[in-house]
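Visitor:
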Amino acid sequence: MLKHKNIWVMTILASAVMLTACQPKKEEPKPEPEKPTTEVQDLSQKLIGDSEQLDLKLPDCSGNSCPELLIERLNSNQRFIDDFIDQKIVQLLSEILSVEPVDEKAENAASDAAASSEVKPALAQVETPKLKMEKQSQSFVAAFMSLDKELKELNSAQQISIMVKPKILNAEKPLATVVLNSSSYLGGAHGSSAQQYYNFDLKAKQLIKLDDLLQPNKKAALEKQAHAVFKAWVTEAKLADSIEEYEQAWKFQLTDNYFLGKDGLILQYAEYEIGPYVVGLPRLTIPYAELEGILKPQYLPVKAEAPASEAKAAAQ
1 MLKHKNIWVM TILASAVMLT ACQPKKEEPK PEPEKPTTEV QDLSQKLIGD
51 SEQLDLKLPD CSGNSCPELL IERLNSNQRF IDDFIDQKIV QLLSEILSVE
101 PVDEKAENAA SDAAASSEVK PALAQVETPK LKMEKQSQSF VAAFMSLDKE
151 LKELNSAQQI SIMVKPKILN AEKPLATVVL NSSSYLGGAH GSSAQQYYNF
201 DLKAKQLIKL DDLLQPNKKA ALEKQAHAVF KAWVTEAKLA DSIEEYEQAW
251 KFQLTDNYFL GKDGLILQYA EYEIGPYVVG LPRLTIPYAE LEGILKPQYL
301 PVKAEAPASE AKAAAQ
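Everything in the sequence shown is counted per the UniProt record's numbering, starting at 1 for the first residue and increasing by one.
1. Tell me the rounded alpha-carbon separation between Glu271 and Leu186.
2. Around the Cβ of Thr177, are there at least 16 other Cβ atoms within 10 angstroms (buried) or fewer (exposed)?
3. Count the C-beta pairs between the region 220–228 and the region 276–296 that are closer than 8 Å, then say yes if the count reaches three, no if not.
4. Check this for me: beta carbons of Ile71 and Ser137, under 8 Å apart or not?
5. Between which two residues does the beta strand (DSSP E) carrying Thr285 extend?
6. If you draw a straight line from the alpha carbon of Phe80 to that of Tyr258, how long is it in whole angstroms?
7. Quick one: Cα of Glu203 to Cα of Leu300, how far?
8. What does DSSP give as the partner residue(s) for Tyr258 in the beta ladder?
9. Distance check for Lys303 and Tyr288, CA to CA, integer angstroms please.
10. Taking only three categories from DSSP, how would you classify Leu165?
11. Whole angstroms are fine: how far does the CA of Ser94 sit from the CA of Glu68?
12. List the DSSP bridge partners of Thr177.
13. Would Asp148 be called buried (16 or more neighbouring beta carbons within 10 Å of its own) or exposed?
14. By Cβ distance below 8 Å, which residues in the same chain neighbour residue 317 in space, the five residues on each side in sequence not counted?
15. Around the C-beta of Ala232, are 16 or more other C-beta atoms found within 10 angstroms, so that it is buried, or is it exposed?
16. Using DSSP's beta-bridge definition, name the partner residues of Ile71.
17. When burial is assigned at 16 or more other CB atoms within 10 Å of the CB, is Ala226 buried or exposed?
18. Within this structure, are the beta carbons of Tyr197 and Phe84 separated by less than 8 Å?
19. Spatial neighbours of Val229 within its chain, please: CB distance less than 6 Å, with the 5 preceding and 5 following residues excluded, ordered by chain position.
20. Looking at C-alpha atoms only, which residue of Pro166, Lys262 and Gln195 is the closest neighbour of Tyr269?
21. Within 10 Å of its beta-carbon, does Gly63 have 16 or more other beta-carbons around it, so buried, or fewer, so exposed?
22. Can you have a look at Ala106 and say buried or exposed, based on whether 16 or more other CB atoms are within 10 angstroms of its CB?
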């Protein structure tokens, strides 16, 4: 009896071992691969964005003499620059069309009064910077269309036009630069164009003027270098028989319109500023090598250090 009992126990144990062996082995959990750590890039010291066109809703028109009004504004990650450029666009349109810009406080008061007298929908349209600029531009649109109507009444087939467009020229240090390009034709012999540069210190969040670039008491030295480049330009372009003759009509002057180019400080002049209409928008470049001791060091290119072997050879 004991023998049969032992056989029965052994049979149960063998069955249990076989069942255990048949069970699929559980895989050990694999360690998750470490995710690469991505550094969050600081974009506060860069100017990133593009221009966006304003919707000005001109009247429908067909034909070759329809007026063209193209106004764009800057939409970037630097709100203080966008607001500054918006103001400059309004000033520029005011000058081109001889129209006083709408007073912003009066406009806001009128807008608030109108809003309080109406039942606002649940999802009222938020006044974005673009929408605000479109509202500010309405007085210019009216003046522009009024001028076009006057020309048409005089049987003029001329197509008047205005274009204003900002563009990011340099996005980071030492200075972020935005150029405001504009052109207009409002009848007459020819149109007009301009390029105005605005330079910003992104860390300080402020406009940097030409005088801010200079070391103390170096304005005269800069003017001397600029005058030398001006003389070379007059000679190379064969604008007159002599510098003295040319400056009787177009005397040299130092402009505040500048930007830091790849090869030097670039001075941008307007039409008729230092030359006749035929020369367009003159541009003078003063090489950085001539500006040592004139510009502050942070506005000069960083000189690459020579390898140790070259430095040793030069010392010998």
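Built from N, CA and C at the ideal position, the CB exists for glycine as well. Model, not experiment: these values are computed from the prediction.
Guide: In short, the structure shows the following:
1. Taking the straight line from one Cα to the other gives about 16 Å.
2. It is buried - the Cβ of Thr177 has at least 16 other Cβ atoms within 10 Å.
3. These segments touch.
4. Yes, Cβ-Cβ distance for Ile71 and Ser137 is below 8 Å.
5. Looking at the DSSP string, the run of the beta strand (DSSP E) that includes Thr285 is Arg283 to Pro287.
6. In a straight line, the C-alpha of Phe80 is about 20 Å away from that of Tyr258.
7. First, the residue type needs correcting, since residue 203 is Lys and not Glu in the sequence shown. Each residue's alpha carbon lies about 18 Å from the other.
8. The beta-bridge partner set that DSSP reports for Tyr258 consists of Leu267.
9. Distance between the alpha carbons of Tyr288 and Lys303: 11 Å.
10. According to the sequence as given, residue 165 is Lys; it is not Leu. Annotated three-state conformation of Lys165 is strand, per DSSP.
11. Rounded to whole angstroms, Glu68 to Ser94 spans 17 Å at the Cα level.
12. BP columns for Thr177 point to Asn170 and Asn199.
13. So Asp148 counts as buried.
14. Beyond the ends of the chain as shown, which are 1 and 316, falls residue 317; an answer cannot be given.
15. The residue in question, Ala232, is exposed, as its Cβ has fewer than 16 Cβ neighbours within 10 Å.
16. The beta-bridge partner set that DSSP reports for Ile71 consists of Val164.
17. If you draw a 10 Å sphere on the C-beta of Ala226, you find 16 or more other C-beta atoms in it, and that means buried.
18. Contact flag unset, no.
19. Leu284 and Ile286.
20. With distances taken between Cα atoms, Tyr269 lies closest to Gln195.
21. Answer is exposed; the Cβ neighbour count stays below 16.
22. Below a pLDDT of 50, predicted positions are generally treated as unreliable, and Ala106, at 46, falls in that range; the measurement from the model is reported next regardless. Ala106 comes out exposed.
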